[in-house]
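If you count by our numbering, then the sequence shown holds residues 33 to 673, one letter each, in order. Structure first, then comments.
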Amino acid sequence: MTRARGDGGAASAILVRLGLATFFAMNVMMLSLPTYVPWIYGPDAGPTDGPLFTVLRVLALAFTAPVLLLLGGPIVAAAWRGLAAGGANADALIVVGTAAAYGLSVANTVAGRPAVYFDIAAMLLVLVTLGRWLEARARAEAGAAVRARLAPGPAEATRLGPDGAATVPPAALVPGDEVLVGPGAAFPTDGVVVDGIGGVDESALTGESVPVVKEPGAAIAGGTCSVDGRFRVRVTAPAARSAAARIAALIAGALAERTAAERTADRAARWLGPCVVGAAAAAGVAWTRAAGADRGILVALAVLVVACPCALGIATPVAIWMGIAGAVRRGVIVRSGAVLERVASVDRVLFDKTGTLTDHEPQLAACDPAAGSGLDGDALLARAAALEQDIRHPFARAIVAAAHARRLVLPAVRDVRAVPGLGVRGVVDGRPTAVGSARFAGGAASAVDAAAIAVLQDGRVVGTLRVRERARESAAEALGDLRDLGVRTGLLTGDARADAVVPALVPAADAALGLLPADKVARVRAACASGGATAMVGDGINDAPALAAADVGVAVGQATDLARLTADVVLLSGDLRLVPWLVAHARRVRRVARENLVWAFGYNAVAVGLAAAGALNPLVASLAMLGSSVAVVANARRLAR
Numbered sequence: 033m034t035r036a037r038g039d040g041g042a043a044s045a046i047l048v049r050l051g052l053a054t055f056f057a058m059n060v061m062m063l064s065l066p067t068y069v070p071w072i073y074g075p076d077a078g079p080t081d082g083p084l085f086t087v088l089r090v091l092a093l094a095f096t097a098p099v100l101l102l103l104g105g106p107i108v109a110a111a112w113r114g115l116a117a118g119g120a121n122a123d124a125l126i127v128v129g130t131a132a133a134y135g136l137s138v139a140n141t142v143a144g145r146p147a148v149y150f151d152i153a154a155m156l157l158v159l160v161t162l163g164r165w166l167e168a169r170a171r172a173e174a175g176a177a178v179r180a181r182l183a184p185g186p187a188e189a190t191r192l193g194p195d196g197a198a199t200v201p202p203a204a205l206v207p208g209d210e211v212l213v214g215p216g217a218a219f220p221t222d223g224v225v226v227d228g229i230g231g232v233d234e235s236a237l238t239g240e241s242v243p244v245v246k247e248p249g250a251a252i253a254g255g256t257c258s259v260d261g262r263f264r265v266r267v268t269a270p271a272a273r274s275a276a277a278r279i280a281a282l283i284a285g286a287l288a289e290r291t292a293a294e295r296t297a298d299r300a301a302r303w304l305g306p307c308v309v310g311a312a313a314a315a316g317v318a319w320t321r322a323a324g325a326d327r328g329i330l331v332a333l334a335v336l337v338v339a340c341p342c343a344l345g346i347a348t349p350v351a352i353w354m355g356i357a358g359a360v361r362r363g364v365i366v367r368s369g370a371v372l373e374r375v376a377s378v379d380r381v382l383f384d385k386t387g388t389l390t391d392h393e394p395q396l397a398a399c400d401p402a403a404g405s406g407l408d409g410d411a412l413l414a415r416a417a418a419l420e421q422d423i424r425h426p427f428a429r430a431i432v433a434a435a436h437a438r439r440l441v442l443p444a445v446r447d448v449r450a451v452p453g454l455g456v457r458g459v460v461d462g463r464p465t466a467v468g469s470a471r472f473a474g475g476a477a478s479a480v481d482a483a484a485i486a487v488l489q490d491g492r493v494v495g496t497l498r499v500r501e502r503a504r505e506s507a508a509e510a511l512g513d514l515r516d517l518g519v520r521t522g523l524l525t526g527d528a529r530a531d532a533v534v535p536a537l538v539p540a541a542d543a544a545l546g547l548l549p550a551d552k553v554a555r556v557r558a559a560c561a562s563g564g565a566t567a568m569v570g571d572g573i574n575d576a577p578a579l580a581a582a583d584v585g586v587a588v589g590q591a592t593d594l595a596r597l598t599a600d601v602v603l604l605s606g607d608l609r610l611v612p613w614l615v616a617h618a619r620r621v622r623r624v625a626r627e628n629l630v631w632a633f634g635y636n637a638v639a640v641g642l643a644a645a646g647a648l649n650p651l652v653a654s655l656a657m658l659g660s661s662v663a664v665v666a667n668a669r670r671l672a673r
């Protein structure tokens, strides 16, 4: 029906069907208008069962049929799915109300009786579908926030080959291909710079507005944009698995997953259906006895229509969608609505130190060969950098950067293995070598300063390296904001040293030092078992088990792929102030969802009472039902701003 896809396409399709159906429904209303004459002028207005009125009723029947086909089909299908799943849902109530109004009207038209309700059947479907369109548009807006946050990749890419450059779609690129990206162009997928130097705008993924200088060997993320450089890039991942695509997939999953509150509302709606049918039947019987069958039917229809739990069904989902969209706009990727619910309950946040509370780019401060090692400072640094060159830990990058700054030639290395919480080991120039914690030194650990990084060769300490760290600019403010929210903070780190960074941010009583990954997991699990919800914030491989063990795992900025896959929340930038912002935002989402539920339940209770008392016409009941859905959506839209 439309060429648009996804949530936006669904909303557009509903709007097209709604527009066509509204045309026919307006004609039904015009044809039904004369039947309201006795209501306006009283019994002296004359009979409404003459030939002219018969023609009007037949025409109303004919114009109502397209409305049923255009709008009734999806509602019937949804009602059937609900019944197949084990209970009547809101759609079942709509089907019952519409079928009753239309079926009775057809029977009366054939029998020549004046009591027809085609206008009610048509407008009920129009107003219900209008509410569904509002819901679909809200969901599409959440998806649009993702697309606005993640810069779209280019429509085509320039692939370099033996026969020269060729223009191809990004989907045709495979790892190993080389592409050319000029100034102002977007990178089609993830890759590594082979040639070229210049600034790259990574704000779409990291939120950082300052371009990052990229040179040969630097990693490139798909969806980022060259500012002033001309790059030759070797593709490392298909476009469908680029960084931007993975983040978009996370958001799509988050919008699709139902939360505990949504499932509770669904169960309430299933129970509400049979109760409403019973109430409508009882009210119809009572009013039939008191004022005749026509009055009883109108009251029963009004009860069925006004009690439709449409607002109840979208009260929590629309708040969750808008909450996730608002988080995306701030550069925070929440894996699911259930995660957002847990974040609202967080009362303790534990942080990793290196690369999380401290700056992600530390610097090598000292390189000290051991006496009798036969190595000078450059040789010691070259051996360490050879092992660390493919490791993403901030200390490893500091060591490799220092070696590159000294223009050292790195020796051959093989059998490299990272040992989480300890360091890295392998074979350098044919000799077993290790870099990392003093624990690698075994019996020689006492000879190594706990504040230093040990370099071992053949099981013997041949030198130490020292790395200088500094706290992130946002760390102190973030920790202070968390405490203002009533959230306790703590530190879990594998470093055995309490340098100047630690006491400046976290009291000694709240800092646990020298922890292996298993120790971090044990500490996190103990915190989770103590009550409330615990969040763990980290960025490294050794943080992944702790992130998985926490109630909420948060990966920061340039986190490793393993940490990002494990985490429930990913901060696209390194701004730690997003952690307290997310806690406060999740609490706002929870508050809005509760407000919506209170409104929906309260509306249904009052509206059913008024309808059963005969105070609402079915058309007025339809408008009231729509108004309830509009109020719920409008309340939730505040979260996306």
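For every residue, glycine included, the Cβ atom is placed at its ideal position computed from N, Cα and C.
Query: How many Å lie between Glu-234 and Gly-216 at the Cα?; Result: 13 Å
Query: Taking DSSP as the reference, what is the three-state secondary structure of Ala-45?; Result: helix
Query: With DSSP as the reference, label Asp-527 as helix, strand or coil.; Result: coil
Query: Take the Cβ of Gln-489 as the centre, count every other Cβ of all protein chains shown within 10 Å, and call the residue buried at 16 or more, exposed below.; Result: buried
Query: Helix, strand or coil for Leu-548? Go by DSSP, reduced to three states.; Result: coil
Query: Any idea what DSSP makes of Pro-452, helix, strand or coil?; Result: coil
Query: What do you reckon, is the C-beta of Val-308 under 8 Å from a heavy atom of the ligand PLP?; Result: This structure lacks the ligand PLP, and indeed carries no ligand of any kind.
Query: With a threshold of 7 Å on Cβ separation, who are the neighbours of Val-127 within its own chain once the five nearest residues in sequence on each side are excluded?; Result: Ile-107, Val-108 and Ala-111
Query: What's the gap between the Cα of Pro-612 and the Cα of Leu-514?; Result: 5 Å
Query: Taking all protein chains shown into account, decide if Ala-198 is buried (16 or more other Cβ within 10 angstroms of its Cβ) or exposed.; Result: exposed
Query: Is Val-160 near Val-664, with beta carbons less than 9 Å apart?; Result: no
Query: How about Asp-400 and Gly-495: do their beta carbons lie closer than 9 Å?; Result: yes
Query: Would a check of beta-carbon distances place Pro-83 closer than 9 Å to chain D?; Result: Reference to chain D is not applicable here, since this structure consists of a single protein chain.
Query: Can you give the Cα-Cα distance for Leu-136 and Val-331, rounded to whole angstroms?; Result: 14 Å
Query: Taking all protein chains shown into account, decide if Asp-195 is buried (16 or more other Cβ within 10 angstroms of its Cβ) or exposed.; Result: exposed
Query: In whole angstroms, give me the CA-to-CA distance for Thr-190 and Phe-263.; Result: 11 Å
Query: I'd like the list of long-range same chain contacts for Ala-124, defined as Cβ closer than 8 Å, with 5 residues on each side in sequence excluded.; Result: Ala-111, Gly-114, Leu-115 and Gly-305
Query: What is the residue span of the alpha helix (DSSP H) that Glu-373 lies within?; Result: 369-376
Query: Whole angstroms is fine: what's the gap from Met-568's alpha carbon to Ala-561's?; Result: 14 Å
Query: Within its chain, find whatever has a CB closer than 7 Å to the CB of Thr-54; leave out the 5 residues flanking it on each side and keep chain order.; Result: Val-158
Query: Going by the CB atoms, is the gap between Ala-376 and Ala-632 shorter than 9 Å?; Result: no
Query: What are the start and end residues of the beta strand (DSSP E) that includes Asp-516?; Result: Counting along the chain, Asp-516 falls outside any beta strand (DSSP E), though it belongs to the alpha helix (DSSP H) covering 507-516.
Query: With three or more C-beta pairs closer than 8 Å as the rule, is the region 44-51 touching the region 94-101?; Result: no
Query: Contact between the region 433-451 and the region 397-413: three or more CB pairs below 8 Å?; Result: yes
Query: Rounded to the nearest angstrom, how far is the Cβ of Val-621 from that of Leu-382, given a contact under 8 Å?; Result: Rounded, the Cβ-Cβ distance is 23 Å, inconsistent with contact.
Query: Quick one: what does DSSP say Pro-426 is sitting in, helix, strand or coil?; Result: helix
Query: Cβ atoms of Val-519 and Val-615: under 9 Å apart, would you say?; Result: yes
Query: Quick one: give me the first and last residue of the beta strand (DSSP E) that Val-601 is part of.; Result: 601-603
Query: For Ile-485, report the span of its beta strand (DSSP E) as first-last.; Result: 485-489
Query: Please report the Cβ distance between Glu-420 and Ala-433, rounded to the nearest whole angstrom; I am assuming they are in contact, meaning their Cβ atoms lie under 8 Å.; Result: With a Cβ gap of about 10 Å, Glu-420 and Ala-433 do not count as contacting.
Query: Since Lys-246 sits in a beta bridge, which residues does DSSP pair it with?; Result: Gly-230
Query: Spatial neighbours of Gly-564 within its chain, please: CB distance less than 8 Å, with the 5 preceding and 5 following residues excluded, ordered by chain position.; Result: Ser-377, Val-378, Asp-379 and Arg-380
Query: Would you mind sorting Val-679 into buried or exposed? The rule is 16 or more other CB atoms within 10 Å of its CB.; Result: Here the chain has residues from 33 to 673 only, and residue 679 is not among them.
Query: If we call anything under 9 Å between Cβ atoms a contact, is Asn-649 one with Ala-334?; Result: yes
Query: Exposed or buried, what is Val-267 when buried is set at 16 or more other beta-carbons lying within 10 Å of its beta-carbon?; Result: buried
Query: State the Cα-Cα distance for the pair Gly-193 and Leu-205, rounded to the nearest angstrom.; Result: 12 Å
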